[in-house]
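Engineer:
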Amino acid sequence: MNVILKVILAVYNFFVGDLVILIGITLTMVILALIHSVGALASLQGGLGLILIVGVLATLVAALGREVMRSENKQKA
Amino acid sequence: MRLRELIPLDALRFVIGFLLLLFGLKWLKNAIQRYSGLKFLHDEEAIYAANLAQARARGEAVGTRLDPFGVLLSYKSVLLEGLEVAFIVISFGSGGSSGIGAAAIGAAAAGVLVILVGALVRAPLQRIPENTLKFIVGIMLTTFGTFWAGESFGINWPFSDLFLLMLAALYLVVSAVLITAIKQQQPRVASATMASEAPILSQEKEIRL
Numbered sequence: 022m023n024v025i026l027k028v029i030l031a032v033y034n035f036f037v038g039d040l041v042i043l044i045g046i047t048l049t050m051v052i053l054a055l056i057h058s059v060g061a062l063a064s065l066q067g068g069l070g071l072i073l074i075v076g077v078l079a080t081l082v083a084a085l086g087r088e089v090m091r092s093e094n095k096q097k098a
Numbered sequence: 064m065r066l067r068e069l070i071p072l073d074a075l076r077f078v079i080g081f082l083l084l085l086f087g088l089k090w091l092k093n094a095i096q097r098y099s100g101l102k103f104l105h106d107e108e109a110i111y112a113a114n115l116a117q118a119r120a121r122g123e124a125v126g127t128r129l130d131p132f133g134v135l136l137s138y139k140s141v142l143l144e145g146l147e148v149a150f151i152v153i154s155f156g157s158g159g160s161s162g163i164g165a166a167a168i169g170a171a172a173a174g175v176l177v178i179l180v181g182a183l184v185r186a187p188l189q190r191i192p193e194n195t196l197k198f199i200v201g202i203m204l205t206t207f208g209t210f211w212a213g214e215s216f217g218i219n220w221p222f223s224d225l226f227l228l229m230l231a232a233l234y235l236v237v238s239a240v241l242i243t244a245i246k247q248q249q250p251r252v253a254s255a256t257m258a259s260e261a262p263i264l265s266q267e268k269e270i271r272l
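Going down the list, the protein sequences come from chains S and F. Numbered as in the numbering used here, the first sequence ends at 98 without a single skipped number. Numbered as in the numbering used here, the second sequence ends at 272 without a single skipped number.
1. Tell me which residues share the same chain as residue 84 of chain F and place their Cβ nearer than 7 Å to its Cβ, disregarding the 5 neighbours each side in the sequence.
2. Whole angstroms is fine: what's the gap from residue 115 of chain F's alpha carbon to residue 84 of chain S's?
3. Give me, in chain order, the residues of the same chain whose beta-carbon lies closer than 8 Å to that of residue 66 of chain S; leave out the 5 immediate sequence neighbours on both sides.
4. Within 10 angstroms of the Cβ of residue 248 of chain F, are there 16 or more other Cβ atoms? Answer buried if so, exposed if not.
5. With a CB to CB cut of under 7 Å and the five nearest residues on each side skipped, what residues in its chain are close to residue 148 of chain F?
6. From which residue to which residue does the alpha helix (DSSP H) around residue 88 of chain S run?
7. Check for me: the alpha helix (DSSP H) holding residue 62 of chain S runs from which residue to which?
8. Suppose you measure from the CA of residue 76 of chain F to the CA of residue 218 of chain F; what does that come to, to the nearest Å?
9. Which chain S residues are close to residue 104 of chain F, counting only those with a beta carbon under 9 Å from its beta carbon?
10. Looking at chain S, which residues of the region 200-212 of chain F have a Cβ within less than 7 Å of any of its Cβ atoms?
11. Which stretch, first to last residue, makes up the alpha helix (DSSP H) that contains residue 7 of chain F?
12. Closest to residue 50 of chain S by C-alpha separation, out of F/138, F/184, F/112, F/79, would be which residue?
13. Is it the case that the region 177-191 of chain F contacts the region 73-84 of chain S, given that we only count it when at least three CB pairs across the two stretches are under 8 Å?
14. Does any C-beta atom of chain F lie closer than 7 Å to the C-beta of residue 58 of chain S?
15. Would a C-beta distance cut-off of 7 Å place residue 41 of chain S and residue 91 of chain S closer than the cut-off?
16. If you draw a straight line from the C-alpha of residue 165 of chain F to the C-alpha of residue 154 of chain F, how long is it?
17. Are residue 201 of chain F and residue 91 of chain F closer than 7 Å when you measure CB to CB?
18. Output needed for residue 150 of chain F: all residues of its chain with C-beta closer than 8 Å, excluding positions within five of it in sequence on either side, in chain order.
19. Give the secondary structure of residue 37 of chain S by DSSP, where H, G and I count as helix, E and B as strand, and everything else as coil.
20. May I have the straight-line CA-CA distance separating residue 260 of chain F from residue 110 of chain F, to the nearest angstrom?
21. So with CB distances below 8 Å, who are the chain F contacts of residue 69 of chain S?
22. Can a CB atom of chain S be found closer than 7 Å to the CB of residue 135 of chain F?
23. Within 7 Å of any Cβ in chain S, is that where the Cβ of residue 247 of chain F sits?
24. Would the beta-carbon of residue 215 of chain F fall within 7 Å of that of residue 73 of chain F?
25. Please report the residue range of the alpha helix (DSSP H) in which residue 130 of chain F lies.
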């Protein structure tokens, strides 16, 4: 394996190690940034905290849901 | 010169909050998986015994002399944990008015205290459930990550810093609900997972995409 790819994978695994968590949190941050910076979405700024907390919890549920599905698939196999 | 004089405070809060959220959710997810039976409880003694048995089965000499590879591996592990401490120190340093210096002094004092206490109460410490510690750390990292990431977007949390306790309580309750739900809905998952994950016990940090 390419050394650069190895380094990238090592950094990824050290920081998060789960693609669902990475995508979920990144997506939540992008949504928050949009609401924070786009004028048309200014009416949603009062709910930024709620959106952040819901995003974090949804990410946790999605990551665990995937693990449960993995386990079920292993059992079926 | 302080770090926050070089980098805008909100940018620093965002980066630290983002990283803490990634770290925290990873730890929390693993701890919940272990509590609910989706994963084996981490047992360092058992892993060491299994690795020792594997080495003996391969015909490798298992002696008591200092193993350079073992020393290197231990150093790497401690270095990684130390880096996590550095993130936490930077987080606390950027959040308060007293700065990085106070957070670093606190971390150094905590380090000395942990070494002393560890040396004094080594045996009882070995009986503290590892997963409980990781669960609490996961809750704390996720709580602080949410708080600072939110502040970077200009969120004024209700009750100011007291909201940290409410946030931690919320994550604790949700985690408990998730553990119960997984246990109840997937009673058969545990046994299947335990059998299939046994070979990767010694590779706790395997890459999983």
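The beta-carbon is built from N, C-alpha and C at its ideal position, and this holds for glycine as well. Here the structure is a predicted model, which is why all the values come from computation and not from measurement.
Structural biologist: For this structure:
1. Here residue 84 of chain F corresponds to residue number 21 of the second sequence, with the count starting at 1. Correct list, in chain order: 205, 208, 209, 212.
2. Position 52 of the second sequence, counted from the first residue, corresponds to residue 115 of chain F. Position 63 of the first sequence, counted from the first residue, corresponds to residue 84 of chain S. Their Cα atoms are separated by approximately 33 Å.
3. As a first step, residue 66 of chain S must be located in the first sequence, where it is residue number 45. Within the same chain, residue 66 of chain S has close Cβ partners 56, 57.
4. Here residue 248 of chain F refers to the residue found at position 185 when the second sequence is read from its first residue. Exposed: under 16 other Cβ atoms inside 10 Å.
5. Residue numbering aside, residue 148 of chain F sits at position 85 when the second sequence is read from its first letter. Excluding positions up to five away in sequence, the list reads 170.
6. Translated into positions along the first sequence, residue 88 of chain S becomes position 67. 69-97 is the extent of the alpha helix (DSSP H) around residue 88 of chain S.
7. Within the first sequence, residue 62 of chain S is the residue found at index 41, counting from 1. Looking at the DSSP string, residue 62 of chain S is not in any alpha helix (DSSP H), and its letter there is neither H nor E.
8. For the purposes of this step, residue 76 of chain F is taken as the residue at position 13 of the second sequence. For the purposes of this step, residue 218 of chain F is taken as the residue at position 155 of the second sequence. Cα to Cα, residue 76 of chain F sits roughly 12 Å from residue 218 of chain F.
9. Translated into positions along the second sequence, residue 104 of chain F becomes position 41. None at all; the shortest Cβ gap to chain S is about 15 Å.
10. 205, 209, 212
11. Given that chain F is displayed from residue 64 to residue 272, the structure contains no residue 7 of chain F and the question cannot be resolved.
12. What you label residue 50 of chain S is simply residue 29 of the first sequence in a count that begins at 1. Per the Cα distances, F/79.
13. no
14. As a working mapping, residue 58 of chain S is identified with position 37 in the first sequence. No, because no Cβ of chain F sits closer than 7 Å to the Cβ of residue 58 of chain S.
15. Locating residue 41 of chain S in the first sequence gives position 20, where the first residue counts as 1. Locating residue 91 of chain S in the first sequence gives position 70, where the first residue counts as 1. No, these two residues do not count as a Cβ contact at 7 Å.
16. Taking the first residue of the second sequence as 1, we reach residue 165 of chain F at position 102. Taking the first residue of the second sequence as 1, we reach residue 154 of chain F at position 91. Residue 165 of chain F and residue 154 of chain F: Cα-Cα distance of roughly 12 Å.
17. By one-based count along the second sequence, residue 201 of chain F stands at place 138. By one-based count along the second sequence, residue 91 of chain F stands at place 28. A contact, by the Cβ cut-off of 7 Å.
18. Walking along the second sequence from the start, residue 150 of chain F turns up at place 87. Counting only Cβ-Cβ distances below 8 Å, and skipping sequence neighbours, we find 79, 82, 83, 86.
19. As a position in the first sequence, residue 37 of chain S is number 16, starting the count at 1. DSSP places residue 37 of chain S in coil when its eight states are reduced to three.
20. The residue you call residue 260 of chain F lines up with position 197 of the second sequence. The residue you call residue 110 of chain F lines up with position 47 of the second sequence. Low local confidence applies: a pLDDT of 45 at residue 260 of chain F is under 50, so the model's placement there is unreliable, with the coordinate-based value given in what follows. Their backbone Cα atoms lie some 13 Å apart in a straight line.
21. To locate residue 69 of chain S, count along the first sequence from 1; it is residue 48. Going along chain F in sequence order, the residues near residue 69 of chain S (Cβ under 8 Å) are 213, 216, 217, 218.
22. Here residue 135 of chain F is taken as the residue at index 72 of the second sequence, counted from 1. With 7 Å as the cut-off, residue 135 of chain F does not count as an interface residue toward chain S.
23. Working through the second sequence from its first residue, we reach residue 247 of chain F at position 184. Not one chain S Cβ lies under 7 Å of residue 247 of chain F.
24. As a working mapping, residue 215 of chain F is identified with position 152 in the second sequence. As a working mapping, residue 73 of chain F is identified with position 10 in the second sequence. Yes, these two residues count as a Cβ contact at 7 Å.
25. For the purposes of this step, residue 130 of chain F is taken as residue 67 along the second sequence, with counting starting at 1. Premise fails: residue 130 of chain F is in no alpha helix (DSSP H) and is neither H nor E.
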